[in-house]
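See structure below.
Protein chains: 2
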Amino acid sequence: MSQSDSRPIGLFDSGVGGLSVLNATRLALPGENLIYLGDTARVPYGTKSSLSITRYAEQALKALLRYDIKTLVVACNTAAAAALDALQASYPELHIIGVIDPGARAAVNVTRTGKIGVIATESTVNNQAYQKAILSLMPDANVKSAGCSLFVALAEEGWHEGELVEAIVKRSLSGLFDHYRDSDDYPDTLVLGCTHFPALKTAISRVVGDSVSLVDSAVTTAAVVKKQLTDRGMLNPGSDGYVRFLVTDGPERFARVAPRFYSETIEAEQVELIDIQHFV
Amino acid sequence: MSQSDSRPIGLFDSGVGGLSVLNATRLALPGENLIYLGDTARVPYGTKSSLSITRYAEQALKALLRYDIKTLVVACNTAAAAALDALQASYPELHIIGVIDPGARAAVNVTRTGKIGVIATESTVNNQAYQKAILSLMPDANVKSAGCSLFVALAEEGWHEGELVEAIVKRSLSGLFDHYRDSDDYPDTLVLGCTHFPALKTAISRVVGDSVSLVDSAVTTAAVVKKQLTDRGMLNPGSDGYVRFLVTDGPERFARVAPRFYSETIEAEQVELIDIQHFV
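Chains as they are written, first to last, in my numbering: chain A, 1 to 280; chain B, 1 to 280.
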């Protein structure tokens, strides 16, 4: 007989992008209570140093611990790439899941040729988190990455598809997809290594072609959360979990931009403003 | 006989964009000692709330006061728009200059028709800082603004000109320049209300046409700094002023992106990392 654990799951992102992970988690686990923290006061993380990102992630974790979370989901690729090891070292008793490993695993499962492209923020590309995670699962994989920090702004501005967006995507991906589509060097899998990027999925797919599988780590991360909570007997069954939103800046903007990443309506009044910058 | 004051001028920006103001100040006042602070740990400000921007600006000012600055230049449109009044109220004894008023004055001087367009970040557009500043000088001006937060990412990524950049600019400015060029409603002046935007000057000019005067507040702000220091007898004559760089994150990235906005080479070793987030 399985146990039940009604403590909430904490999800942390630099801003709104991680709402795609929240969305997938809610669909996979409708009984879970979820607390989402977006560090909108310092967003984006993608162009910041690992040092700062780690510090911000630790402050976010401290804020979420006040809600007695049973699991932390680092729902931001940049934060997971830079800070997951440090968070796990600081809080060995807490169950922490990042978006990188599930994404890498999904890419390895889906590729036929082992030629895998990764697009992410500047920071995630620089610390080669996906590269390492994929190679640890598939040592002979051929992984190439490209920084696409611009896509974050596009996604937030609502520029998601159309000719102009495709032209921007094409230029940004030219380093990864500069071979002919029938060439052996053309990747057959592309990891969307930033939670903002699925918003541009249609445009990206049109540019790289249908033959390339796009890996969106939101869905795969939610599946991992479900599996791990199940294995540990820590699920909260049912279908009436609550969702609570915390941000470090601008509840109004958060509520306004959220629909680009989240399928339920969020009112600004539902979004609580908290300060985490003073945590040491 | 004029006095001399060798105390440094402090310049504050959210990141690298304000280097265009530093550049102009250095050219106008080669004898002045200059301390530039970029709050790269929390950049960009353009999508953040006035509350947070004001807090960050106050922390930056506190950091710069330790260097015994004689004047503060708020070299960031977003920070000047959101926080200048609060800074002046908190530090009435300090001489503080923002980039908004010089930009508004330049626009009013240059327009023939009174039809003025302003492009800026989301935050600057929302608090209507340029609109108010221009109307206070020219009450019958017709001012329209558009948020172009995307241009910040373009400028930092080095996407400054070419067909694709012009297509992005055209779409972003369509609300301001949707009339025929010979229409009476076509602006004759466009304020580049964000220190990042002059990097896209060529593309912007090609889109709106040569008949539109582009106002870059970097140069006009430097002229105001020079005039006010002269009037107050606070100049430091000569031509061998030092420049010192402080950032709150990523000295390497700062040094790497700086050439897009600053004409002298900056080595990462010259850039000092400081923490201002703990200031209350």
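Glycine included, every Cβ here is placed at the ideal spot set by N, Cα and C.
Asked                                                                                                                                                                                   : Found
What alpha helix (DSSP H) runs, 4 residues minimum, are completely inside the stretch 43 to 103 of chain A?                                                                             : 50 to 65 and 77 to 90
Considering only DSSP beta bridges, list what D216/A is partnered with.                                                                                                                 : L192/A
With a cut-off of 9 Å, does the C-beta of T54/B fall near any C-beta of chain A?                                                                                                        : no
Say whether chain B places a C-beta atom closer than 9 Å to the C-beta of V215/A.                                                                                                       : no
If distances are taken between C-alpha atoms only, which option among H278/B, I276/B, P251/B and A258/B comes closest to E269/B?                                                        : P251/B
Put S149/A into one of helix, strand or coil per three-state DSSP.                                                                                                                      : coil
Check Y130/B in the structure and name its three-state DSSP category.                                                                                                                   : helix
Do the stretch 6 to 21 of chain A and the stretch 253 to 264 of chain A make contact, defined as three or more Cβ pairs closer than 8 Å?                                                : yes
Going by C-alpha distance, which of M138/B, L173/B and D231/B is nearest T111/B?                                                                                                        : M138/B
Are V208/B and A41/B close, meaning C-beta to C-beta below 9 Å?                                                                                                                         : no
Output the boundary residues of the beta strand (DSSP E) element that contains A120/B.                                                                                                  : K115 to A120
Does the Cβ-Cβ distance between G193/B and T121/B come in under 9 Å?                                                                                                                    : yes
Determine the chain A residues that contact E157/B at a beta-carbon separation under 8 Å, and present them in chain order.                                                              : S149 and L150
Note the first and the last residue of the continuous alpha helix (DSSP H) segment covering R206/B.                                                                                     : K201 to V208
According to the neighbour-count rule (16 or more other Cβ atoms, all chains shown, within 10 Å of its Cβ), is E272/B buried or exposed?                                                : exposed
Give the straight-line distance between the Cα atoms of M1/A and L229/A, rounded to the nearest whole angstrom.                                                                         : Low per-residue confidence applies at M1/A: pLDDT is 45, beneath 50, and the placement is therefore not dependable, though the value from the model is reported in the following sentence. Going by the C-alpha atoms only, they are around 14 Å apart.
Can you tell me whether DSSP reads F288/B as helix, strand or coil?                                                                                                                     : Here chain B comprises residues numbered 1 to 280, so residue 288/B is not present and cannot be evaluated.
Report the three-state DSSP secondary structure of F261/A (helix, strand or coil).                                                                                                      : coil
Do N77/A and I100/A come within 9 Å of each other at the CB atom, strictly closer than that value?                                                                                      : yes
State whether the stretch 27 to 34 of chain B contacts the stretch 215 to 235 of chain B, with contact taken as three or more CB pairs (one from each stretch) at a distance under 8 Å. : yes
In chain order, what residues of the same chain lie with their CB nearer than 7 Å to the CB of A104/B, ignoring the 5 residues before and after it?                                     : Y130, A133, I134 and L137
Give me, in chain order, the residues of the same chain whose beta-carbon lies closer than 6 Å to that of S90/B; leave out the 5 immediate sequence neighbours on both sides.           : none
Ordered along the chain, which non-local residues of its own chain (more than five positions away) have a Cβ less than 8 Å from that of R260/A?                                         : V16, A155, E156, G158, H160 and A199
Quick one: what does DSSP say L273/B is sitting in, helix, strand or coil?                                                                                                              : strand
Less than 6 Å between C-beta atoms, sequence neighbours within five positions excluded: which residues of the same chain meet that for H95/A?                                           : T71
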